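For reference, the structure is listed below as structure tokens.
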Amino acid sequence: MLTDFQAIMPILIVTLSAIVTMVAEAFQPKQERAPLAGFGVIGLIGAAAASVLLWGYDKTGFGVVRADNFSLFVNLIVIAVGLLTILFSPQVIERERIPPGEYYALTLFAVVGMMLMAAATDLLLLFLALEVLSLAVYVLTGIRRAQFQSAEAAFKYFLLGAFSSAFFLYGVALTYAIVGSTRLEEIAATLAVSDQAPDGLVLVAMGLLAVGFAFKISAVPFHMWAPDAYQGAPTLVTGFMATGVKAAAFAAFLRVFLSSFHTLHDSWAPMLWLVAVATMILGTVVGVVQANAKRMLAYSSVAHAGYLLVGLIVGTRVGEAATLFYLAAYAVSTLGAFAVVAVLATEEHPHDRVQDFAGLWESRPGLAALMTVFLLSLGGFPPLAGFVGKWYIFSAAIDAGYVWLAIVGVLTSVISVFFYLRIVVMMYMSDERALVPTPAITRSAVAGLTLALVAVFYLGLLPTHAIELALTSVQGMF
Amino acid sequence: MLALIPLFPFIGFIINALIGRRLSKATSGGLACLAMLVSFGVAVVAFWRLLGLPAEARVIDETLFTWIASGRFQAPLTFRLDPLAGLMCLVVTGIGFLIHVYSTAYMHEETDHEYARYFSYLNLFAAFMLVLVLGANLLVMFIGWEGVGLCSYLLIGYWFDKQSATDAGKKAFVVNRVGDMAFIVGMCLAFASFGTLDFRAIAAAVAALPPEVTWGVLSTITLLFFIGATGKSAQIPLYIWLPDAMEGPTPVSALIHAATMVTAGVYMIGRNAVLYSHAPLTMEVVAVIGVATALLAGTIGLAQNDIKRVLAYSTVSQLGYMFLAMGVGAFAAGIFHLYTHAFFKALMFLGSGAVIHALHGEQDMRKMGGLRRALPITYWTFLIGALAIAGVPGLSGFFSKDEILFRTFASGHSVLWVLGTATALLTAVYMFRLIYLTFHGKPRYEGAYEGAQEAHRAHDRAAHAQGTHNHGGGGVLHDAPMAMAIPLVLLAIGSVVAGYVGVPHALGGSNRIETFLEPSFSPPAHTAPAVAGTHAEPGVALSGEGAHAEADAHGATHADTALELTLMVTSVAIALMGIGIATLVWLKRPHVAAALAARVPWMHRLLLNKWYVDELYDATIVQPIKNSSTVGLWKGVDVGVIDGAVNGTGWLVRGSAAGLRLAQSGSVRIYAAAFFVGTVLVIAFYLVR
Amino acid sequence: MDGWLPIVILLGLGLAFAAGNVLLSQFVGPRSPSPEKAAPYECGMPAVGDARERQSVRFYLVAMIFLLFDIEVAFLYPWAMALRDLRWAGYVQVLVFVLVLFTGYVYIWRKGALDWSSREE
């Protein structure tokens, strides 16, 4: 009993903080503003502390939640994502008149879903976690109710999300039909015993599960919701779902496909190979012609899903660790970039087109420099986090013999540099001067940006510690 | 603790680079000096701790973290203090500190912003130099190696609005890259051969091998490293950048292009002494190149008129001596000379800076003269430096230079000894030519009551200089201000006494510095490097190499002593002769010099134009590369193939994107349909297979 | 494929039967339309006005809240059946579950979702 609760302690803490946030908002007097973000920050830090304390114990809770190093590592990533999002938020909430209680509570519930997704060892619980996460994010996407774009984005996301959930659930059902259980280890055991060629039905079940995951990580051809939803959502929510949701979905994807279906690696790898190549190419190529920074970053996140898939396809421990590392590197860089876009917006002007960045170096040199660092990290420039992440993933791919995958990855990375640099060029070298927005940037946003910057440099310059953590965290996965 | 040594200058760099423009000159300059002083203090403490260890265990390792770990390839960021590194650390931080102090006065005319930029570069340089010195493996050393190259480039081109300065900076950078390339290849080869980049591990691995008598991998590695060293330390064939580097501010010339950075090549060979002693063929190359450079630069130095250029060629020449020492296996002697040279050459550069400062930017010795009375401190300190470099007994240069020449002769390289001794003669001559032209004779500078003709020609330039150097008008010359005089005096004292740590046995000394340095040049007694605090077991016999060196250092036989004394007397005589010649030609009978130049005009032209080496390189290397680049690579490959490919890719990407984005219509039905088709394809992929 | 054949036949037969009946009634059924027959509720009140009338959004809100708490009860039934086997642990777990829902209830109450008329945005 005690072990059970210990295993879910990080999740429990965040859940409590979410509930407290919600209730506190409901009970606060009309004109007063309770420090709602504080509850979230406390809860997330508490969860991070709990994750660190649990490190190495490999506790199992209620038979379906596993607090192994893998899930704890992912916990740390999504906690960082949640924390940064909350730090950036106050200014945006003020500006967009977003109801703060709901916003923070939903963010925290989404984090709960993400953590649970990484820790679930049962397909049904995994599905539940997926839904907890998704529902919260659907609402967050449309939280600016009055805005047409936001509502449209939320609705599209919801419809297609429900569609994909159905496929995922169908996959779960088929798996249960074949194996007789939804526990990941039992599935693995059953599949490992049958030494003849895999049953067609197993493959279909696996394919449907893959479709469900592919939707969440926005892999081609299940990515079409992403640009619309990313553009319509409030910028910070976009950053949150581009990083947190992707991290959680990848964690579950890794766990399911490398533990339960690891014996069928030869069957699913070619399919995902095609998906990864298509994702990398399409995300990059279409990203090139985007004129809106948020939409551009949306396509960039599609392309990054492709790079991350490479780590999954490789299927080795090194590949898996590289994926985890990449998730962390990608998360801080992307969140940082979205945060810069978010803090620059004003009430009148969303400031999210590429030409809005013209001459930013003159008006806001600090933000321009930050944006440059984050974009270059996404583009994979040394010595930033993104470079090291790409390096580990592609070297893992080459070691495992997936040379072509690495080549496609490197080539598309090169092309992707084009659209990252477009903003950089705009900021520094454009003769035009965009309308200079001068929003006051809150202290918490400055703190968040600093943290992201430090993380980008830390992961880029001294990656060894993080990659070793990632390597230890994937031990004992399969 | 070792990490603190480079850390403080680095912090100074960060502060001056980020907020320097808002600081006053006193603050930013003071900060930079303070950083160096603290760093020096830490270096002294670290050195003290090193001395506290037993001689054969004097190694302090400090691993900060593993920088890169990729399979077999490990590159921990490790700092290592051993006698060699300790000595270098003291030189870099100590002399560096003095030069920083000197700079606060020398650069006083700069604007606040520029002033901070200057000190940020200078601090960054010190940080990188210390990383180079303290690095325990080739990669860490290479970080410093590249870093100091960068700082050197930045500081040579510090006055970037001057075309010649930026050109000189570029030249230095490009020439250095040639050497660095060889260094990188050598590093890769070393890793491929030994599986490690750690100096001690390499030394341990090499010690087990027999010396490589025929050409092989050890010779190749060492030669590649040496090519790298010729770039950094300005040896034939890559020495051409150093004289041009005098475009930088004079304190920079003193710090980077005399005392520290240019000695990095010598230091690197010292670091890899075991490796080099197993590659006798490369050693011969090193020795020959060293002595050839020394001689060549000495001859060029004879005919130069720019005060800093004379010093620059003298530096090249002295570096040649150090390489000669390395080449004949007298590693300790080479490092000893490096150490004494740092004092007197820094002193002379700073002295020339004081002269230039007093004359508002004049560098041509033909427009100086008679400054002895106006600038007494500068004159006397400079004279001490010149006596030291000339090898007059009792001063530091005498001990170190003699040690090198003795070792050269003793190792059987009598031809090299003759050439080295000839260079010593040249050194004395051009040094005292410089002294006489600058400080003696009749004043020829502008504002002096005589020599109006030359002054007229110099008018434009001096007037320009006066625009920026706006104090001390009216022809009254000021000697070095306090912040410049104190470093001069301290360095002068150093130039005298620094040699006494290495008094040779022949003169009744014990040559302590060689005994002290020797462990750094022998393979480690243990294969594993000792960690701080753990001493190597006492009583472990030194392996062959070390024992041999020990015998060399301690048990000099009677015959050796006699030989050494003979050689010593010879070289002292040579030095005095050189001074005599200079006195005769440039002090007593000034017309002789002109007559000589007129008698053999071709010789004079040849020397004045530096043997036309720059022109030779331009004709044989630079122009052909430029031509083939323009015609073949640029117009053919770059514009045709590469630009074509890049533009083609861009065109392709844009074209296909235009098509693909049509699918992204915004209609959720189409999205759902795409989703469904995708799912069907996934399922079909499995079922069809 | 052998095993699947009967199922395909069954499917086909079922489809044919349903489609056949619909078609058959179209052709053979007698037709005598009258206004009463065409009305939406043949035996109820005559329809007045447009059916697509705007409803207050509160209906939906209440409907959704009802649905949520209804599902809560749906979870309680199986727990009640297994109460003896689950013992105190199960009791505590359900208590937590109800508590969470109660918090939600308090939340919607405080937010005014249950006030029918008084508040306006």
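Protein chains in written order, with our numbering: chain A, 3 to 480; chain B, 452 to 1140; chain C, 1457 to 1577.
Heads up, the beta-carbon is just placed ideally off N, CA and C, and yes, glycines get one too.
For clarity, every value in this text was computed on a predicted model and none was experimentally measured.
Exercise. Is there contact between the stretch 478 to 492 of chain B and the stretch 595 to 610 of chain B, where contact requires at least three CB pairs shorter than 8 Å?
Worked result: no
For this session: Determine, using beta carbons only, whether residue 1508(C) comes closer than 8 Å to chain A.
Result: no
Exercise. Can at least three beta-carbon pairs, one atom from the stretch 1008 to 1025 of chain B and one from the stretch 844 to 863 of chain B, be found at a separation below 8 Å?
Worked result: yes
Exercise. In chain A, which residues lie with their C-beta within 8 Å of the C-beta of residue 1111(B)?
Worked result: 284, 287, 288
For this session: Have a look at 569(B), 488(B), 1081(B) and flag the residue whose alpha-carbon is nearest the alpha-carbon of residue 465(B).
Result: 569(B)
For this session: Would you be able to state if there are at least three C-beta pairs under 8 Å between the stretch 784 to 791 of chain B and the stretch 862 to 873 of chain B?
Result: no
Problem set entry | Span separating the alpha-carbon of residue 206(A) from that of residue 1121(B) | 24 Å
Problem set entry | Interface flag, residue 218(A) vs chain B, CB-CB below 8 Å | no
Exercise. Tell me which same chain residues have a C-beta within less than 7 Å of the C-beta of residue 1032(B), skipping the five on either side of it?
Worked result: 880
Problem set entry | Buried or exposed by the 16-neighbour rule on C-beta atoms within 10 Å, applied to residue 943(B) | buried
For this session: Using a Cβ-Cβ cut-off of 8 Å, state whether residue 1138(B) counts as contacting chain A.
Result: yes
For this session: Spell out the partners DSSP gives residue 1534(C) in its beta bridges.
Result: Residue 1534(C) pairs with nothing; no bridge assigned.
Exercise. In three-state DSSP terms, what is residue 1139(B)?
Worked result: helix
For this session: Report the option in 223(A), 396(A), 119(A), 233(A) whose CA atom is closest to the CA atom of residue 553(A).
Result: Residue 553(A) is absent from the model: chain A starts at 3 and stops at 480.
Exercise. Helix, strand or coil: how does DSSP classify residue 11(A) here?
Worked result: helix
Exercise. Relative to the alpha-carbon of residue 500(B), which residue among 546(B), 974(B), 452(B), 1019(B) has its alpha-carbon at the smallest distance?
Worked result: 452(B)
Exercise. Do we get a CB-CB distance below 8 Å when we pair residue 165(A) with the residues of chain C?
Worked result: no
Exercise. For a contact meaning CB atoms closer than 7 Å, what does residue 29(A) contact in chain C?
Worked result: 1566
Exercise. Going along chain A in order, which residues have a C-beta closer than 8 Å to the C-beta of residue 517(B)?
Worked result: 466
Exercise. Once you ignore the five residues that flank residue 449(B) on each side, which residues in its own chain have a CB closer than 6 Å to its CB?
Worked result: With chain B covering only 452 through 1140, there is no way to say anything about residue 449(B).
Exercise. What are the boundary residues of the beta strand (DSSP E) that includes residue 525(B)?
Worked result: 524 to 532
For this session: Locate the alpha helix (DSSP H) running through residue 741(B), then write down its first and last residues.
Result: 731 to 754
Exercise. Of all the options 90(A), 3(A), 107(A), which has the alpha carbon lying nearest to the alpha carbon of residue 16(A)?
Worked result: 107(A)
Exercise. Any idea what DSSP makes of residue 265(A), helix, strand or coil?
Worked result: helix
Exercise. Name the residues in the stretch 225 to 258 of chain A whose C-beta lies less than 7 Å from a C-beta of chain B; which are they?
Worked result: 226, 227, 229, 230
For this session: Could you tell me whether the Cβ of residue 316(A) comes closer than 8 Å to any Cβ of chain B?
Result: no
Exercise. Applying the criterion that 16 or more other CB atoms from any shown protein chain within 10 Å of the CB defines a buried residue, is residue 493(B) buried or exposed?
Worked result: buried
For this session: Would you mind reading off the limits of the beta strand (DSSP E) that contains residue 1470(C)?
Result: Residue 1470(C) -> not in any beta strand (DSSP E); alpha helix (DSSP H) instead, spanning 1461 to 1484.
Exercise. Taking Cβ positions, are residue 113(A) and residue 79(A) nearer each other than 8 Å?
Worked result: no
Exercise. On the three-state DSSP scale, how would you describe residue 1030(B)?
Worked result: helix
For this session: Counting only the same chain and skipping the five closest in sequence on each side, list residues whose C-beta sits under 8 Å from that of residue 26(A).
Result: 36, 38, 41, 103
Problem set entry | Three-state secondary structure (DSSP) of residue 192(A) | helix
For this session: Go ahead and label residue 350(A) buried or exposed: buried means 16 or more other beta carbons lie within 10 angstroms of its beta carbon, across all protein chains shown.
Result: exposed
Problem set entry | Short CB-CB distance (under 8 Å) between residue 686(B) and chain A | no
For this session: On a CA-only basis, which of 464(A), 172(A), 183(A) is nearest residue 123(A)? Give me that one, please.
Result: 183(A)
Problem set entry | Check whether residue 705(B) and residue 797(B) have beta carbons under 8 Å apart | yes
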